[in-house]
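Student: Residue numbers (our numbering), protein chains in the order written: chain A, 1 to 249; chain B, 1 to 287.
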Amino acid sequence: MLELKNAGVVFNEGTTLEKTALNDVSVHIQPGEFVTILGSNGAGKSTFFNVVTGAAKLSKGQVFLDGKDITDLKEHQRSKNIGRLYQDPSQGTAPHLTVEENLALAYSRSRGPFSMAVQKSDQEFFKKNLKRLDMGLEERLKTPIGLLSGGQRQAVALMMSVLNPPKLLLLDEHTAALDPKSAQMILQITSQLIKDEKITALMITHNMKDALEYGDRLLIFHDGKIVKDFSKEEKEKLQVKDLIDFYDI
Amino acid sequence: MEVILRAVELGLIFAILSLGEYITVKVMDSPDLTVDGSFVTGGCVCAMLTLAGMPNIGLAAAFAAGVVCGCMTAFLETKMKIQPLLAGILTMTGLYSINLRVMGGAPNVSLFAAPVPTLLSNPDTQLIVLLGAAGLIGLLLYLFFKTNLGLMLRACGDNENMVKSSSINVDNMKFLGLGLSNGLVALSGALLAQFQNFADVTGGTGMLVLGLAGIIIGEAVLRPKTIGVGLSAAVVGAVLYRLLYTVALQLGFAATDMNLVSAVLVAITISIPVLQRKMKEKRKKNA
Ligand SMILES: Nc1ncnc2c1ncn2[C@@H]1O[C@H](COP(=O)(O)OP(=O)(O)O)[C@@H](O)[C@H]1O
Ligand SMILES: [Mg+2]
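1) For D158 of chain B, decide whether its Cβ has a neighbour in chain A, counting only Cβ atoms nearer than 8 Å.
2) In the DSSP output, what is F221 of chain A paired with across the bridge?
3) Got a sec: does ligand 2 put a non-hydrogen atom nearer than 7 Å to the Cβ of D158 of chain B?
4) In chain order, what residues of the same chain lie with their CB nearer than 6 Å to the CB of G88 of chain B, ignoring the 5 residues before and after it?
5) Which first and last residues belong to the beta strand (DSSP E) in which F114 of chain A is found?
6) Would you mind working out which of A:A177, A:K74 and A:L218 sits nearest N169 of chain B, comparing C-alpha positions?
7) Run through the DSSP bridge pairs and tell me what R84 of chain A is partnered with.
8) How about P180 of chain A: is its C-beta nearer than 8 Å to some C-beta of chain B?
9) Just curious, the beta strand (DSSP E) that D24 of chain A is in, first and last residue?
10) Compare the C-alpha of M288 of chain B against each of B:D171, B:R242 and B:L212 and name the closest.
11) For S110 of chain B, write down the residues that DSSP places opposite it in a beta bridge.
12) For A134 of chain B, does the count of other Cβ atoms within 10 angstroms reach 16, so buried, or fall short, so exposed?
13) Using beta carbons (cut-off 8 Å, strictly below), is I168 of chain B in contact with chain A?
14) Measure from the C-beta of L28 of chain B to each C-beta in chain A and report whether the shortest distance is under 8 Å.
15) Between which two residues does the beta strand (DSSP E) harbouring N6 of chain A extend?
16) State the beta-bridge partners of I199 of chain A as determined by DSSP.
17) Does the stretch 204–220 of chain B come within contact of the stretch 121–137 of chain B, defined as at least 3 CB pairs closer than 8 Å?
18) With L17 of chain B and L210 of chain B assumed to form a contact (beta carbons below 8 Å), what rounded beta-carbon distance in angstroms separates them?
19) So G53 of chain B and P115 of chain B are in contact, right, with Cβ under 8 Å, and what is the actual spacing, rounded?
20) Which residues bound the beta strand (DSSP E) around G61 of chain A?
21) Taking Cβ positions, are K45 of chain A and G54 of chain A nearer each other than 8 Å?
22) So that I know if they touch, is there some Cβ in chain A lying closer than 8 Å to that of M152 of chain B?
23) Whose CA, out of A:P89, A:V52, A:I189 and A:L178, lies closest to the CA of S79 of chain A?
24) Using DSSP with H/G/I as helix, E/B as strand and the rest coil, what is I70 of chain A?
25) Using only the heavy atoms of ligand 2, determine whether one of them is closer than 7 Å to the beta carbon of D179 of chain A.
26) Just the residues with CB closer than 7 Å to a heavy atom of ligand 2, in chain order, which are they?
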């Protein structure tokens, strides 16, 4: 599904600020896998995602999606197949557009540039889907999304990324900016949507409990490398205290 | 009465300017300085074609020429990586020479000798024609902003990073927005030339701020929350501004001072929210 071959990223190469953010990373993600990712700050987790989406350039190595070499494709060319959610809910939505307009941005585009973005049938469809979130958002289609709470915005952003299911969904600490209750809720919805839509997903988190509870594979990043790769069976036997040791390598 | 009617008519012409600028200033969140050049380009192109006996083709050609001006700025901005403000200034500066060439080297031309009457030749229907034009353009823009393409353009100005990471090509959106904006600006310049029977290469100075004044006054009056009200506000504001302008002239302001008046007005209106906040803080401290 997704494969990185000897991927390396060096920022500010040749200057005193030179920083190797990814160091010769090779990994193969299987179709349908839900992979959780742990690692201390600066370990290169976000850079790993950036390399997959095309937001960061590889200094060496290659990226394959479904067997196709996408190393030289631009960000907007890759994003048809790759969805991404960020830590900051405001990054994933356009604040002055209404809830339905944000959803339409993700959903209606295939109808062609000059067709109306929000049609009657879309509103029904959006309402039905927003009901799945159980946050009362189906009543707020006309509200500019900037007026919603962080948790609500993140929920809509999540919905946006699954309305047109991508082949690959990247979640970059997408619950870290939310209060604990909203965070748990978004996490459950995420896991449910990934299952329902059968999406391959990678999720970065700082919460070790969540990393063990969700997903069926666990990667641990350190210093630009993947230092541990636990399969589903290994992961089931792991406990939080086993993981803490890996942070002190 | 005559004076007021003329002010409303001019206001409607500048309403089209404000609608054009609305796209860059409000939707794309990046004011574009091409305006002072492309406004004149519209006037010059239209004037020459009107003199050649094709006044309506002249209006269409002015729009097209404006689109080209906007695309030039977009090209400098996206492909040559020049800062938006500088890109606009470069295009505007280059346009000064081009506008002179369009007019065959003459700094201004008169349209009184035009062989065929224009849409604005008949004083009895001028108001209707201009009302129709401003209304139609506002409506078309409103509908456009509700299409998928329009939504993408709005999202670009609202959250460029999000759009970058979706499959929308941000560069193409800049071409679309700047092109459409300057097309309307040029059309406004073309209508002004036909209305005044006169085109002048120096007539663009202050047009950006003038269009902005319309948008800002409209906002102060209608306080728009949606894009529909926002577009209407730009039209209403432009007409109101022209009426204020006329009053100022009647009060004895010199026409040559009006650019200063516009600039001061825009500066004050934009800074009112900041001033209000400061006043509040001061009052809190004193209390
Ligand atoms: N654009 C950039 N320029 C320079 N250094 C960067 C840039 N992006 C990330 N880095 C550096 O690369 C390292 C890895 O960053 P990142 O992938 O964001 O870590 P993580 O997401 O695991 O916390 C950090 O040391 C960070 O400072
Ligand atoms: Mg990170």
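No residue lacks a Cβ here, since even glycine has one placed at the ideal position from N, Cα and C. Just so it is clear, the structure is predicted and the values come from calculations on it, not from any experiment.
Tutor: So, to answer that:
1) yes
2) A:G39 and A:I226
3) no
4) D32, L33, T34 and T73
5) Premise fails: F114 of chain A is in no beta strand (DSSP E) and is neither H nor E.
6) A:K74
7) A:L170
8) no
9) K19 to I29
10) This structure cannot speak to residue 288 of chain B, because chain B is shown only from 1 to 287.
11) B:F198
12) buried
13) yes
14) According to the sequence shown, residue 28 of chain B is Met rather than Leu. No, because no Cβ of chain A sits closer than 8 Å to the Cβ of M28 of chain B.
15) L2 to F11
16) Answer is none; I199 of chain A lacks a bridge partner.
17) no
18) 7 Å
19) 5 Å
20) K60 to L65
21) no
22) yes
23) A:V52
24) coil
25) no
26) A:K45, A:S46, A:D172, A:E173 and A:I204
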